[in-house]
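Counting from 0, one number per residue, gives the positions in the sequence shown under numbering that gives the first Met the number 0.
Don't be surprised by glycine CBs; every beta carbon is placed ideally from N, CA and C.
Just so you know, these numbers come straight off a predicted model, no measurement behind them.
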Amino acid sequence: MRRDLFQFDLPDELIARQPTEQRQGSRLLYLDSTSEDLRHQQFTDLLSHIEPGDLMVFNNTKVIAARLFGQKESGGKIELLVERVLSADSVLAHIRASKSPKPGHQLLFDEGYSAEMLGRSGDLFELRFSAPVLDVLDQIGHMPLPPYIDRADTEEDQSRYQTVFADQLGAVAAPTAGLHFDDQMLVDIQAKGAKIAFVTLHVGAGTFQPVRADNIHDHHMHTEWLQVSDQVCEQVRKTKAAGGRVVAVGTTSVRCLETAASSGSIVPFEGDTNIFIFPGYRFKVVDALLTNFHLSESTLLMLVSAFAGYKPIMQAYLEAVAERYRFFSYGDAMFLRHNPLAPETIPK
Numbered sequence: 000m001r002r003d004l005f006q007f008d009l010p011d012e013l014i015a016r017q018p019t020e021q022r023q024g025s026r027l028l029y030l031d032s033t034s035e036d037l038r039h040q041q042f043t044d045l046l047s048h049i050e051p052g053d054l055m056v057f058n059n060t061k062v063i064a065a066r067l068f069g070q071k072e073s074g075g076k077i078e079l080l081v082e083r084v085l086s087a088d089s090v091l092a093h094i095r096a097s098k099s100p101k102p103g104h105q106l107l108f109d110e111g112y113s114a115e116m117l118g119r120s121g122d123l124f125e126l127r128f129s130a131p132v133l134d135v136l137d138q139i140g141h142m143p144l145p146p147y148i149d150r151a152d153t154e155e156d157q158s159r160y161q162t163v164f165a166d167q168l169g170a171v172a173a174p175t176a177g178l179h180f181d182d183q184m185l186v187d188i189q190a191k192g193a194k195i196a197f198v199t200l201h202v203g204a205g206t207f208q209p210v211r212a213d214n215i216h217d218h219h220m221h222t223e224w225l226q227v228s229d230q231v232c233e234q235v236r237k238t239k240a241a242g243g244r245v246v247a248v249g250t251t252s253v254r255c256l257e258t259a260a261s262s263g264s265i266v267p268f269e270g271d272t273n274i275f276i277f278p279g280y281r282f283k284v285v286d287a288l289l290t291n292f293h294l295s296e297s298t299l300l301m302l303v304s305a306f307a308g309y310k311p312i313m314q315a316y317l318e319a320v321a322e323r324y325r326f327f328s329y330g331d332a333m334f335l336r337h338n339p340l341a342p343e344t345i346p347k
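The structure is reproduced here in structure tokens:
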């Protein structure tokens, strides 16, 4: 399956570099590819697609201020992006510098903080800080805005690049479908007779990693830590048994649920996942999906193509560009119903 099948052209001005004034202020593209029903709506119209008995599953990860600016002992400037917190004082991180630091080298930051480079793990650097990592990031860290938001982070980003229900520290990128929800909308969802559940997946910078292999089967998927509790598994089982739908809020929630159900039935899971969902995949749990628009040739575009069908998704993206939707993290959303025939329509 060729990577270039998932390519689309996006005018630069359609990349959302700022959040909407209100969390619910985005647009919503509704797609039921089984009936070829495509509608242009507002995000508040999502409530019309939520049914009594639905279970909406959110990712409650919390973004840490994972970007640091500093210098090497030699004076060269560095930019550091934490990928994963390993312990109270150590991390795996990406480092941008004119020359990579070597083991034993010290990296210097504001407020007298420092970190020692311990070694390499592939493209990542293992670092040990002079103080608890989360304290350092809280004091001098910057919000890790995605690379396509090419501006400095602001005070507004500290709240808007974070969901209102975030409470599990560890992500270095936001679960962006959740950014559209405010507290009132969560109340309104439950007032419709739907239930809410929370899983945790600490989104890593690898979510922005491009697929470089021409054949996507050769792509090496990044890993991310997740947790699906026994309580969530029980909620899923009860929902299915009662004829309700499991509605995933974001592709990270999809990856949680489908990882936990990899054996065929959902069971509690805690640990790393490198699940790669692309056309041909048969979904075991998720019945509907709320998601933002994704990068061209990305693994997430491949995931939604697997969910709703390759041709309907690519046509919907062309429609979204023509209708001037806002793309990516601070952009507009899609609500997708699962197309059970999608696995039979694999692009070649």
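Exposed or buried, what is residue i when buried is set at 16 or more other beta-carbons lying within 10 Å of its beta-carbon?
| i | result |
| --- | --- |
| T258 | buried |
| G400 | Residue numbering for the chain in the displayed model covers 0 to 347; residue 400 lies beyond these limits and cannot be assessed. |
| D166 | exposed |
| Q234 | buried |
| L328 | It is worth fixing the name first, because residue 328 is Ser in this sequence and not Leu. Buried. |
| A190 | exposed |
| Q226 | buried |
| H216 | exposed |
| D53 | buried |
| K71 | buried |
| A151 | exposed |
| P339 | exposed |
Alpha carbon to alpha carbon, what distance is there between residue j and residue i?
| i | j | result |
| --- | --- | --- |
| F277 | G111 | 46 Å |
| G103 | Y316 | 48 Å |
| R16 | M142 | 14 Å |
| G279 | K76 | 46 Å |
| S345 | A305 | First, the residue type needs correcting, since residue 345 is Ile and not Ser in the sequence shown. Answer to the nearest angstrom: the Cα atoms are 8 Å apart. |
| K237 | V320 | 39 Å |
| R254 | S73 | 43 Å |
| N214 | L299 | 16 Å |
| I49 | V246 | 9 Å |
| E12 | T175 | 19 Å |
| E125 | S99 | 12 Å |
| T272 | V198 | 14 Å |
| K194 | Q41 | 22 Å |
| L46 | I188 | 7 Å |
| M313 | L30 | 12 Å |
| I148 | A65 | 16 Å |
Kindly indicate the opening and closing residues of the beta strand (DSSP E) around residue i.
| i | result |
| --- | --- |
| K76 | K76 to V84 |
| R22 | Run containing R22: none; DSSP gives neither H nor E here. |
| E125 | L123 to F128 |
| Q70 | R66 to K71 |
| S113 | S113 to S120 |
| D187 | Note, D187: premise wrong, no beta strand (DSSP E); alpha helix (DSSP H) at D182 to A190. |
| Q161 | It is not in any beta strand (DSSP E) - Q161 carries neither H nor E in the DSSP assignment. |
| K61 | T60 to V62 |
If residue i sits next to residue j, beta carbons under 8 Å apart, how far is it from one beta carbon to the other, in whole angstroms?
| i | j | result |
| --- | --- | --- |
| D331 | L27 | 7 Å |
| S32 | A260 | S32 to A260, Cβ: 22 Å. No contact. |
| V171 | V62 | 7 Å |
From which residue to which residue does the alpha helix (DSSP H) around residue i run?
| i | result |
| --- | --- |
| S406 | Past the edges of the chain, shown from 0 to 347, lies residue 406, and the structure says nothing about it. |
| L107 | Element bounds for L107: not the alpha helix (DSSP H) but the beta strand (DSSP E), Q105 to L107. |
| D137 | V132 to I139 |
What are the start and end residues of each continuous beta strand (DSSP E) run of 3 or more residues lying completely inside the stretch 235-320, in chain order? As far as the stretch 235-320 is concerned, its whole beta strand (DSSP E) runs of at least 3 residues are 245-248, 268-272 and 287-291.
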